[in-house]
Every structure is written in structure tokens, then in C-alpha cells.
Amino acid sequence: MIERQAAPLREQAREELRRRILNGSIAPGQRLKERVLLEELGVSRTVVREALRQLESERLIRIEPQVGPVVSEITAEEARQLYEVRAALEATAARLAALHATPEDTQALRDSLDTIEQSLPGSEELIELKNTFYGTLIRASRNEIIGEQLESVQARISQLRRVTLSEPGRGPRMVDELRRVVDAISQGDPEAAYAASVAHVEAAAVIARQYFEQSTEAQ
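Going letter by letter, the sequence shown gives residues 1 to 219 in the UniProt record's numbering.
Shown next, in the form of C-alpha cells:
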């Protein structure tokens, strides 16, 4: 049950459901039963329906006729497109950070990356720690709009982020990739920062593509 806070109840309900979807507590393809949500969240039917409409607008859920709200599943083609967009957004943020970051910004990026490295391997908080890193990157880029767009993309591929980060040996490689991004930013090299960021996302995209290929073969 959600706690009453200053934010409107519909926002609290949306954030709670969003959190469950992103961390996998509510699995892709799972039906969201209104009666169950009412009991779990302790809010009105109107609040639940408003929260679900907002999640539908984010494409985290879909409304199926005769079924109701269902957590969205991602296809291989959608994943390909999302990773392309993610690469463009992250790389642009990294390039801008190389142009605008202060010494304090680059130190914050290093500190955030050190925390990620110390959490390896297999930390359940790894996605959240990476989100913190990206938040620091966005602040260094001085472009909040990129951050808003990136958050939306990351949310839609949340199930695949868990897949890619759980790949054996992926953690240390991921840290090395991000280290190259941060090094380029600290050196004020926008092109190197852009290229290193693209390489990082493409490495994750390869794992995601292999996941879909293996899933197809298993069917």
C-alpha cells in the first residue's frame, strides 16, 4: 500500500506501478487486475485508472480488448529501434558533457562509476546505480530534455537491461566502456566521448539481439 505524500495520489500510484514494472516485479505480458491493484495500493478505482492511463501513454502497458491492462512485451524489432535511439541520446549527452562539464561534474561521474564497480557482480541495485550515473551525465551535459527522452527509452527496454547486465562477464566490461566515456569527458574530447558512448550501447544491443535469437530457437 502506498503512503500518503505531498504528490497527488495518481502520481504516487503511477510511480509505484512503474517501479514494479521496471524492476520486474510485474512481468512482461502479465495482466494488471484492477481489483488486485485497488487492494495493494489502497487507493480509489479512479486513481488506479488514471495511473494506468499514464503508464499506457509511456507504452509500459497496453490495453487489450476483453482483457484489460497488460504489461507491454518488447519485440526484437522494437528493441533494435530503441537501442538505436538510446545510443544517439547517450552519445549526444556524452558529447555535450565533454563540452560543458566542470571538474566537479567529472569527479561526480567517476564517483558514480566507482560505486557501480564496487557493486559488482550481480547487484540487484545495478540498474538503479546506472540510472544514477546517467543522471549525473545529463547534469554534466546541461541538457535536461535529453534526460527526459533517455529515461523514457530506458524504461521501455527495462526488461532487456536486466538481461544484458546479467550476461556473464558483462559487469566489468560495462565499467570499462563507461570509464572510456568518462575519460573522454574529463579530457574535453567530445568526439571520443560520443564514440565511446555509442560503443557502450552497441555492446548491450548485441547481447539483447542474441537473447532474442536464442528465444526464437528455443520455440
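By construction, the Cβ of each residue, glycine as well, lies at the ideal position given by its N, Cα and C atoms. Treat the numbers as computed from the prediction; the structure is a model and nothing was measured.
Query	Result
Sequence-distant residues of the same chain with beta carbon closer than 8 Å to E56, five excluded per side	R62, I63, P69
Collapsed DSSP secondary structure at P69 in the structure displayed	strand
For R139, the nearest candidate out of V175, A203, S112, L120 (CA to CA)	S112
Length of the line joining the Cα atoms of S141 and A94	7 Å
Proximal residues to A208 (C-beta, below 7 Å), its chain only, five neighbours per side dropped	A79, Y83, L160, V163, T164
L178 beta carbon less than 9 Å from that of I116	yes
Option nearest G188 by Cα separation, candidates L60, P103, E90	P103
Segment limits, beta strand (DSSP E) that includes I116	Per DSSP, I116 belongs to no beta strand (DSSP E); it is in the alpha helix (DSSP H), 103-119.
Three-state class that DSSP yields for A6 in the structure shown	Because the pLDDT of A6 is 41, which lies under 50, any placement of that residue in the model is unreliable, and the question is left without a value.
Close beta carbons around A6, own chain, < 7 Å, minus the five adjacent residues each side	Legend: pLDDT at A6 = 41, less than 50; position of this residue unreliable, no value from coordinates given.
Under 9 Å between C-beta atoms of L120 and P172	yes
Cβ separation of V182 and T132, assumed to be a contact under 8 Å, to the nearest whole Å	Incorrect: roughly 14 Å between the Cβ atoms, too far for contact.
Helix, strand or coil at E64 according to DSSP, with G and I counted as helix	strand
Buried or exposed by the 16-neighbour rule on C-beta atoms within 10 Å, applied to Q81	exposed
Euclidean distance between Cα positions of I145 and S152	11 Å
Q214: CB within 8 Å of a non-hydrogen atom of the ligand ZN	No copy of the ligand ZN occurs in the structure displayed, which carries no ligand at all.
Best match in R170, I185, Q214 for proximity to V201 [C-alpha to C-alpha]	R170
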